[in-house]
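Undergrad: Structure provided below as structure tokens; questions to follow.
Given below as structure tokens:
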């Protein structure tokens, strides 16, 4: 759970600070970008419906893991953007992509037991980039959520004062 909060709060801070200068970045659009930060974690659906159950139902090999990769997350964002009015689709897609990119960037800081990251750029390549493995924290650590929460509170206060 702290990992979810960190992703959402980082997206909030980035979008809210941007909204100080960008007029079209309204509160609903900021929330859309925050939702985009959770798109890669849709992979957690595997806890409810394991891959092997889908595999046996469809009769073909299946995995939820690509949802947490660039290609799967982009495809998910494209599908989600189809649920809004045609005039808003491009903006919603870009906000979702911004959120999911911040998620994948933050995941580069996770501590891993191996000296390389997972194949972030799948399906473009299976290359596992050692440069993105920064090993700063675990996804179960609370300190990133506390730190981003403190920054988010400051940004929230400054935003209220500006209004």
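In our numbering, the protein residues as written are 1 to 163.
Backbone N, C-alpha and C fix where the C-beta goes; we use that ideal spot for every residue, glycine too.
(1) Which partner residues does residue 110 have in the DSSP bridge list?
(2) From what residue to what residue does the alpha helix (DSSP H) around residue 28 run?
(3) State buried or exposed for residue 59, treating a residue as buried only when at least 16 other CB atoms are found within 10 Å of its CB.
(4) Start and end of the alpha helix (DSSP H) containing residue 56?
(5) Leaving aside the five residues before and after residue 122 along the sequence, list all residues of the same chain whose C-beta is less than 8 Å from its C-beta, in chain order.
(6) Quick check on DSSP: helix, strand or coil for residue 1?
(7) Would you say residue 159 and residue 6 are within 8 Å of each other, going by their C-beta atoms?
(8) Could you tell me whether any Cβ in chain B is nearer than 8 Å to the Cβ of residue 8?
(9) Taking all protein chains shown into account, decide if residue 12 is buried (16 or more other Cβ within 10 angstroms of its Cβ) or exposed.
(10) If I measure Cβ to Cβ from residue 32 and keep anything under 6 Å in the same chain, skipping five residues before and after, which residues do I get?
(11) Compute the Euclidean distance between the alpha carbons of residue 14 and residue 23, then round it to the nearest angstrom.
(12) Cβ atoms of residue 64 and residue 51: under 8 Å apart, would you say?
(13) Would you say residue 38 and residue 4 are within 8 Å of each other, going by their C-beta atoms?
(14) Whole angstroms is fine: what's the gap from residue 166's alpha carbon to residue 99's?
(15) Rounded to whole angstroms, what is the Cα-Cα separation between residue 108 and residue 138?
(16) Any idea what DSSP makes of residue 6, helix, strand or coil?
(17) Classify residue 146 as helix, strand or coil using the three-state DSSP reduction.
TA: Well, looking at it:
(1) As DSSP reads the structure, residue 110 sits in a beta bridge with 137.
(2) 27-36
(3) Per the 10 Å Cβ criterion, exposed.
(4) From DSSP, the alpha helix (DSSP H) with residue 56 extends over 51-58.
(5) Around residue 122: 66, 69, 70, 71, 72.
(6) Caution is warranted here: a pLDDT of 44 is assigned to residue 1, below 50, making its placement in the model unreliable, and the coordinate value is therefore given only provisionally. Coil, per DSSP.
(7) Against a cut-off of 8 Å, the Cβ pair of residue 6 and residue 159 comes out as no contact.
(8) Here there is only one protein chain, and chain B is not present.
(9) buried
(10) Closer than 6 Å at Cβ, skipping near neighbours: 92, 95.
(11) 15 Å
(12) yes
(13) In contact: residue 38 and residue 4 (Cβ atoms closer than 8 Å).
(14) Residue 166 lies beyond the residue range present for the chain, which begins at 1 and ends at 163; the question has no answer from this structure.
(15) Roughly 11 Å separates the two Cα atoms.
(16) helix
(17) helix
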